[in-house]
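To start, the structure under review is shown below, and the notes come after it.
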Amino acid sequence: MNLNHKEIWAKCLLEIKKNVDERAFNTWFKPIKPVMLSGKTLTIQVPNKFFYEWLEEKYINLLGSVLFKHLGKDAGLQYQIVVNDHKDIVGNYEKSLDKKYKEKNYFNIFDAEFNYQLNPNYTFENFIEGPCNQLARNAALSIVKNPGKTAFNPLIIYGGVGLGKTHLVNALGNEIKNHNPGAKIIYTNTERFTNQIIKALRESVIYDLVNSFQLVDTFIIDDIQFLEGRTKTQEIFFNIFNFLHQRDKQLVITSDKSPKDLKGIQERLISRFKWGLVTDLKKPNLETRVKIIESKAQRNHLQLPDDVINYIGYNVKGSIRDLEGVLVSLSANMMLNDKKIDLKLTSEVIDNFSHNVDKEINIENIQKIISDFFNIPIEQITGKSRKRNIVIARQLGIYFSKQMTSYSLKQIGSQFGNRDHATVLHSIKTVNNLMDTDTLFAETVAKLEHKLENSLIKPVY
Ligand code: ADP
Ligand code: MG
């Protein structure tokens, strides 16, 4: 039975639907269009590069297995990316599932280009700097010229999901490679590493495998927390670590928690981690979030109005992965549903992404925090009083409502004692002027902003 691309994709969708929740299905799979089937390679069209990256990262296993099921073991998947009008193909990201799924003979890894596993899309250039990553980034940069020979050996980078560990260590590997094209660099993750070890043990070729690892100049291993409880792999890793470290080869390790919190990993390994630099990636602050949004939007030719950028910055306070998720969804909505990206859409998208109905800042929230801060009852803030301190509290409430929520001037006015559009505008202007001229006032605004920011519950997927 020979099925065409549409029929194959329809079958895949049925299967996918059983495996993901409805929201994920609607967001990530419904927008996909099957384009053609060439041999056993299915081409699908996705709205943009974000989308493609998201599928690759989150759903490749699922996509792989359903395609396998319907196309057989040489199944391939190819992505087409469209911009603006649906026919304009700007990218053709080919991924042969075959490559990913066919069990690799591990020796090939070392015959092939040593750095082939680094992700070339992760560079320093597109890694936005901020207080959240400054130390880790600088440490990585200083390793570039002298891998293995700085005090940062090993370099241990830890932090929660989506904060940039994988990006940063790949950027480091890529930059070492740029600097020294002959460098032998291995980037692997703990899962892949463990699987290789298990296979090599089973086939009694573990010495060959270990020898191959010992040939590298820079060994980058991601998500070391997955070594927890794996005694045999830890032992082998320990040997590779010692061998390389003694020869001044660079080791770079990431983990989702600090070494001291890694349970089920041998103490002798943990104590070696402390020989170098242990540093973490934190959640980005507002300023960095805004920079990241701007940079990602620009790279993806996504034009975002300033108020939308600010709104996302204020309201999406989790990881950088969360920020990307919102941008992907926005651009998908724009391209597929032909919607304009404005505050309304943005707030819907953020709502969708978050399980918590309460997470966005709303005007009551702002009024309450301002009322606590100045110790002025809300009724007075929204009331008629012309007393200076009350007027200022009111103006600040209006100012933050405009900054942080998606409400219109009219809606804001109505929640501040039915004030009209002109009064609302005037309040915002006054606050801006005062901030420019009065440093004490500017500090107060910053403090309040901080309080408001921290009052939010962060969106979670
Ligand atoms: P982790 O490995 O810590 O879970 P990733 O490195 O996979 O996180 O990062 C998640 C996403 O966020 C990636 O797409 C990455 O490119 C992006 N990202 C992370 N940090 C930054 C940054 N400082 N600037 C720009 N993009 C970033
Ligand atoms: Mg990672």
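In this note's numbering, the protein residues as written are 100 to 560.
Using N, Cα and C, we set each Cβ at its ideal position, and we do this for glycine too.
Counting the other Cβ atoms within 10 Å of the Cβ of Ser554 gives fewer than 16, which makes it exposed. Using a 10 angstroms sphere on the CB of Asp347, the tally of other CB atoms stays under 16, which defines it as exposed. Those residues placing their Cβ nearer than 7 Å to any heavy atom of the ligand MG are, following chain order, Lys264, Thr265, Asp321, Asp322 and Thr353. Rounded to the nearest angstrom, the gap between the Cα atoms of Ile465 and Thr538 is 22 Å. Short note on Glu155: C-beta not closer than 7 Å to any heavy atom of the ligand ADP. Annotation for Gly261 indicates a beta carbon within 7 Å of some heavy atom of the ligand ADP. Its chain contains Ile408 as the residues whose beta carbon lies nearer than 7 Å to that of Glu393, once the 5 sequence neighbours on both sides are disregarded; these appear in chain order. A check of alpha carbon separations from Lys244 across Ala282, Leu234 and His266 identifies Ala282 as the nearest. For Ile364, there is no enclosing alpha helix (DSSP H), since its DSSP letter is neither H nor E. In the structure shown, the three-state DSSP call for Phe150 is helix. Contact check for Gln313 against Phe342 passes: the beta carbons are separated by less than 8 Å.
About 16 Å separates the Cβ atoms of Leu444 and Gly412, ruling out a contact at the 8 Å cut-off.
Assignment of Tyr506 by DSSP, reduced to helix, strand and coil, places it in the coil class. The residues Tyr498 and Lys501, in chain order, have a CB closer than 6 Å to that of Ile527 in the same chain once the five nearest residues on each side in sequence are set aside. Look at Ile468: its beta carbon is at least 7 Å from all of the heavy atoms in the ligand ADP. In the DSSP annotation of this structure, Val119 is not part of any beta strand (DSSP E), being labelled neither H nor E. Remark: the shortest separation between the CB of Glu423 and any heavy atom of the ligand ADP falls under 7 Å. Note on the segment 304-345: whole alpha helix (DSSP H) runs with a minimum of 4 residues are 305-312 and 330-345, in chain order.
A direct Cα-to-Cα measurement between Asn432 and Lys157 gives close to 20 Å. Contact between Ala250 and Leu271 is ruled out by a C-beta separation of about 15 Å, above the 8 Å threshold. Measuring C-alpha to C-alpha distances from Val427 to each of Trp153, Ile107, Trp108 and Glu114 identifies Trp153 as the nearest. Taken from the Cβ of Asn232, at least one heavy atom of the ligand ADP lies inside 7 Å. For the pair Asn531 and Thr317, the Cα-to-Cα distance works out to about 51 Å. In the structure shown, Thr140 adopts extended strand secondary structure according to DSSP, grouped into three states. By alpha-carbon distance to Phe337, the top candidate from Lys359, Ile296 and Ser357 is Ile296. The three-state secondary structure of Ser428, taken from DSSP, is helix.
Taking the Cα positions, Gly496 is about 7 Å away from Ile469. Secondary-structure assignment with DSSP links Pro133 through a beta bridge to Ile143. Counting every other CB atom within 10 Å of its CB across the protein chains shown gives Pro219 a total below 16, marking it as exposed. A direct Cα-Cα distance of roughly 28 Å separates Ser505 from Phe128. Taking each of Thr387, Leu112 and Glu548 in turn and checking the Cα distance to Phe226, the smallest one comes out for Thr387. At least one heavy atom of the ligand ADP lies closer than 7 Å to the C-beta of Gly258.
The way I'd put it, the segment 533-550 doesn't touch the segment 509-519; fewer than three beta-carbon pairs between them come closer than 8 Å.
Sixteen is the threshold: since fewer than 16 other Cβ atoms of the shown chains lie within 10 Å of the Cβ of Glu334, the residue is exposed. For the 8 Å CB-CB criterion, Ile460 and Leu551 form a contact.
Contact check for Leu113 against Leu141 fails: the beta carbons are separated by 8 Å or more.
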